[in-house]
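As structure tokens, the structure follows; a few thoughts come after it.
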Amino acid sequence: MDYKKSKAPVTTITRDISGLDTDTGNLYEAIMIVAKRANQISVEMKEELSRKLEEFAYYTDNLEEVFENREQIEISRFYERLPKPALLAMEEFVEDEIYYRNPTKLES
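Throughout the sequence shown, residue numbering follows my numbering, covering -12 to 95 in sequence.
If you want it as structure tokens, here you go:
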């Protein structure tokens, strides 16, 4: 997913929780769906950041040789400015972009 083009807010906003349980019928279930999606987004973002920063890794044994690479700093700052995974997940849930299923409800 392209998190750079997301419409999610960068800062925390107040939400009306009365409308979150309309799809699931249970507020706890809706929050758990958002939480699990936030964990997935967090893992994806961390892997992407690690791949980009791996290019700048120095494999030397000398701790005195620490280099500040301008590109590395800019990449890190860019990821710091992105919306947090919980905000991205909540935006996806509100926009009905998350697929979820409850196996216990399917049996009934």
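Each residue gets a CB set at the ideal place from its N, CA and C atoms; glycine is no exception.
Please read all numbers here as calculations on a predicted model, not as lab measurements.
In chain order, what residues of the same chain have a beta carbon less than 8 Å from the beta carbon of residue i, not counting five sequence neighbours either side?
i, result
"Tyr66", "Met32, Leu36"
"Ala22", "Ala73, Ala76"
"Gln59", "Leu40, Phe43"
"Asp83", "Asp10"
Considering only residues of the same chain and omitting the five flanking positions on each side of residue i, which have a CB-CB separation below 7 Å?
i, result
"Lys128", "Within the shown structure, residues of the chain are numbered from -12 to 95, placing residue 128 beyond reach of any answer."
Taking 8 Å as the cut-off, decide whether the C-beta atoms of residue i and residue j are in contact.
i, j, result
"Val25", "Ala73", "Rather than Val, the amino acid found at residue 25 in this sequence is Ala. In contact: Ala25 and Ala73 (Cβ atoms closer than 8 Å)."
"Tyr87", "Ile4", "no"
Give me, in chain order, the residues of the same chain whose beta-carbon lies closer than 6 Å to that of residue i; leave out the 5 immediate sequence neighbours on both sides.
i, result
"Asn56", "Phe43"
"Phe80", "Val21"
Open item on the list: Closer than 8 Å is the cut-off here; do at least three beta carbon pairs connect the segment 23 to 38 with the segment -4 to 14?
Closed with: no
Open item on the list: Just to confirm the assignment: which complete alpha helix (DSSP H) runs, minimum length 4, are found wholly within the segment 5 to 67?
Closed with: 14 to 41
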